[in-house]
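Only one structure is covered here, and it is reproduced in the block below.
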Amino acid sequence: MRPIQLDEATYRDKVYACWMGKNIGGTLGMPWELDKNAHDFTFYNPMPDEAEPNDDLDFQLVWLKMLQERGIYPSVGDFADYWQKHLGPYPWDEYGYCQRNLDLGLRPPISGCFQNCFIDNMGAPIRSEIWACVAPGDPGLAASLAWQDAVLDHAGGEGVYGEMFWAALQSAAFFISDPSTLIQIGLSMIPVHSRIAHAINHAVWCHANDLKWAEARQQTVDWFGHTHPCHAPQNHAFTIIGWLYGDDFGDQLCAAVNCGYDTDCTGATLGATLGIVGGSSSIPEKWREPIGEDIILHKFTHNLDAPETISELTDQTVAVGKELVAARSAVAQIGPETAIPEDLLSVFSDNTQALAALQQDSQSAIERVGDYDIAFHYGSEPIMHTGTEHTVGVSVRRNLKPVEAQVELEVPRGWTVQPAEDAFGQKRFTIRANHLSDDNYVNVTAKVPKGKLNAQYLFLPPEEVAGYPCGVLVDRCPNCGARIEYCICSR
109 MRPIQLDEAT YRDKVYACWM GKNIGGTLGM PWELDKNAHD FTFYNPMPDE AEPNDDLDFQ
169 LVWLKMLQER GIYPSVGDFA DYWQKHLGPY PWDEYGYCQR NLDLGLRPPI SGCFQNCFID
229 NMGAPIRSEI WACVAPGDPG LAASLAWQDA VLDHAGGEGV YGEMFWAALQ SAAFFISDPS
289 TLIQIGLSMI PVHSRIAHAI NHAVWCHAND LKWAEARQQT VDWFGHTHPC HAPQNHAFTI
349 IGWLYGDDFG DQLCAAVNCG YDTDCTGATL GATLGIVGGS SSIPEKWREP IGEDIILHKF
409 THNLDAPETI SELTDQTVAV GKELVAARSA VAQIGPETAI PEDLLSVFSD NTQALAALQQ
469 DSQSAIERVG DYDIAFHYGS EPIMHTGTEH TVGVSVRRNL KPVEAQVELE VPRGWTVQPA
529 EDAFGQKRFT IRANHLSDDN YVNVTAKVPK GKLNAQYLFL PPEEVAGYPC GVLVDRCPNC
589 GARIEYCICS R
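When we follow this note's numbering, the leftmost residue of the sequence shown carries the number 109, and every step to the right adds one.
Here's what the structure looks like:
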């Protein structure tokens, strides 16, 4: 018998409040996004007549569609496929470089970090709620799912840690309301050395030691401030400051957004978190009424049959969550009544699944074949230089657990391949290319007890990837603003 149970009525109400809070906080912060100044808002400014379109929510609508169509055991390849299908026009920062790498033929997680200097930004942490809502009461599972999402565009960076932190915290928030306890659960899922962990801990310290809001904000800017307003550590601290320093739902949102910087993200994440903690009754009508229930998609989200209202989104999320928890959670279930064990914190602090996810190599490409994940470890950049030996590795996992396999590589004509000494849990090989072509794929065959698994992985020639200056975005259409290869002017 699973020790943790959430009654369906409470589950549904908290999911609804999560999505409503997400829309409210994002709409509050959107007009002031990227403004680094401190503010003094007490309500929407300007007053909206509907919710603002926001990538914070739209990406999660795509992942919901993926779970509905591909099932509740998604691979990182599934995430890549749905990104290309629905999110290609997004040009900003890490989004643009992820799509560029996918278009080149790279697969995650290396698609998320190759020539992408934005991996420490907020694009992934703002996508945490879907994993909390489909894995309520199982923070470790939620964090593991968040890792799969985040590595698409933040592999190896702070953005991964941020999404895992919030997914775990919000999953636990279906049962726990105390901010300090929830923050510690979230922190238990990410490395203590991460910049995000340091920034969050400092925000908690400021509040515990009676520093005023303005002092806490300024210390965050001084110690964790970054030239890019969407840099994740500073914005995580601002979200925590809002939560701890505010008096109620609206005051907490304003206390976060008033810190400035990535205000739509800090407001949206905190609004969603407060919604899960307090349920729909905790969200005042004055905050709901101006934006209503409608979901307004961003113009860069395309070909997506998405829910049109918060209620419809709630119904679809709950349906997927009930299926996913029943099949994948060893500790939680949705049932007729809520049941909480005495050692709840021990269960919620188990970070085994999060650690297993984090142990995966960011400098690899992972392909799923059947129920096995085959990782090709580049060891460095996915670039092949002629006449130079490259040592690569292959590992196989099933349900994040290593699987012993016999591995063979087939390289393009004119290349050579020799076995190398096994290391890091990988079967290793040394490859040399005497010339390059337009088809620089390495074919991998892995023999496991169930049979042979086949996958292929791309090397790029140096001339295809000349590199980009730090902070420069991918090319955009001057009219619609979309990534130029996905221009939406003709829609």
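For glycine and all other residues, C-beta sits at the position ideal for the given N, C-alpha and C.
Residue closest to residue i, alpha-carbon to alpha-carbon, out of the options
i, options, result
"residue 488", "136, 138, 219, 177", "219"
"residue 231", "420, 308, 339", "339"
"residue 378", "122, 114, 126", "126"
"residue 491", "184, 396, 548, 526", "548"
"residue 258", "271, 389, 250", "271"
"residue 239", "113, 526, 250", "250"
"residue 149", "306, 304, 361, 282", "361"
"residue 284", "530, 112, 554, 343", "112"
"residue 474", "391, 591, 184", "184"
"residue 175", "410, 558, 427", "427"
"residue 583", "363, 154, 181, 196", "196"
"residue 522", "511, 558, 495", "495"
"residue 501", "526, 520, 477", "526"
"residue 193", "173, 201, 181", "173"
"residue 137", "343, 550, 114, 444", "343"
"residue 556", "592, 505, 356, 524", "505"
"residue 348", "374, 550, 179, 140", "374"
"residue 535", "517, 544, 524, 542", "517"
Residue i versus residue j - alpha carbon distance
i, j, result
"residue 451", "residue 298", "22 Å"
"residue 462", "residue 370", "26 Å"
"residue 493", "residue 570", "7 Å"
"residue 399", "residue 157", "6 Å"
"residue 546", "residue 142", "41 Å"
"residue 345", "residue 311", "6 Å"
"residue 598", "residue 186", "28 Å"
"residue 288", "residue 160", "31 Å"
"residue 448", "residue 552", "47 Å"
"residue 303", "residue 332", "8 Å"
"residue 57", "residue 246", "This structure gives no information on residue 57, because the portion of the chain shown stretches from 109 to 599."
"residue 437", "residue 243", "8 Å"
"residue 464", "residue 508", "6 Å"
"residue 269", "residue 241", "18 Å"
"residue 409", "residue 166", "7 Å"
"residue 328", "residue 129", "25 Å"
"residue 110", "residue 376", "32 Å"
"residue 204", "residue 224", "9 Å"
"residue 467", "residue 476", "17 Å"
"residue 365", "residue 513", "51 Å"
"residue 589", "residue 393", "35 Å"
"residue 274", "residue 592", "32 Å"
"residue 460", "residue 442", "22 Å"
"residue 99", "residue 541", "This structure does not reach residue 99, given that the chain is present from 109 up to 599, and the question cannot be answered."
"residue 147", "residue 430", "41 Å"
"residue 564", "residue 180", "25 Å"
"residue 320", "residue 314", "8 Å"
For residue i, the first and last residue of its enclosing alpha helix (DSSP H)
i, result
"residue 346", "340-353"
"residue 309", "303-316"
"residue 120", "116-137"
"residue 562", "Not the alpha helix (DSSP H): residue 562 falls in the beta strand (DSSP E), residues 559-566."
"residue 384", "371-386"
"residue 394", "393-396"
"residue 510", "Taken as a continuous stretch (DSSP letters only), residue 510 belongs to no alpha helix (DSSP H), being part of the beta strand (DSSP E) at 509-511."
"residue 323", "321-332"
"residue 357", "357-365"
"residue 249", "247-262"
"residue 608", "One cannot answer for residue 608 here, as it falls past the ends of the chain, which runs 109 to 599."
"residue 595", "Run containing residue 595: none; DSSP gives neither H nor E here."
"residue 238", "237-242"
Rounded Cβ spacing between residue i and residue j (contact assumed at less than 8 Å)
i, j, result
"residue 216", "residue 260", "5 Å"
"residue 498", "residue 539", "5 Å"
"residue 280", "residue 532", "Actually they are not in contact, since the Cβ atoms of residue 280 and residue 532 sit about 33 Å apart, beyond 8 Å."
"residue 483", "residue 503", "5 Å"
"residue 212", "residue 568", "6 Å"
"residue 294", "residue 276", "5 Å"
"residue 278", "residue 380", "7 Å"
"residue 253", "residue 412", "Rounded, the Cβ-Cβ distance is 20 Å, inconsistent with contact."
"residue 131", "residue 418", "7 Å"
Unbroken beta strand (DSSP E) run spanning residue i, endpoints
i, result
"residue 551", "549-556"
"residue 443", "440-443"
"residue 523", "523-527"
"residue 540", "535-541"
"residue 412", "First-last for residue 412: undefined, no H or E at that position."
"residue 517", "514-518"
Residue i: CB within 6 Å of a non-hydrogen atom of the ligand MG
i, result
"residue 498", "The ligand MG is absent from the structure shown, which contains no ligand whatsoever."
message: List, from N- to C-terminal side, the alpha helix (DSSP H) runs of 4 residues or more that fit wholly inside the segment 268-297.
response: 287-295
- alpha helix (DSSP H) runs wholly inside the segment 173-197, at least 4 long, in chain order: 184-194
Give the list of continuous beta strand (DSSP E) stretches no shorter than 3 residues that lie fully inside the segment 442-498.
472-477, 480-485
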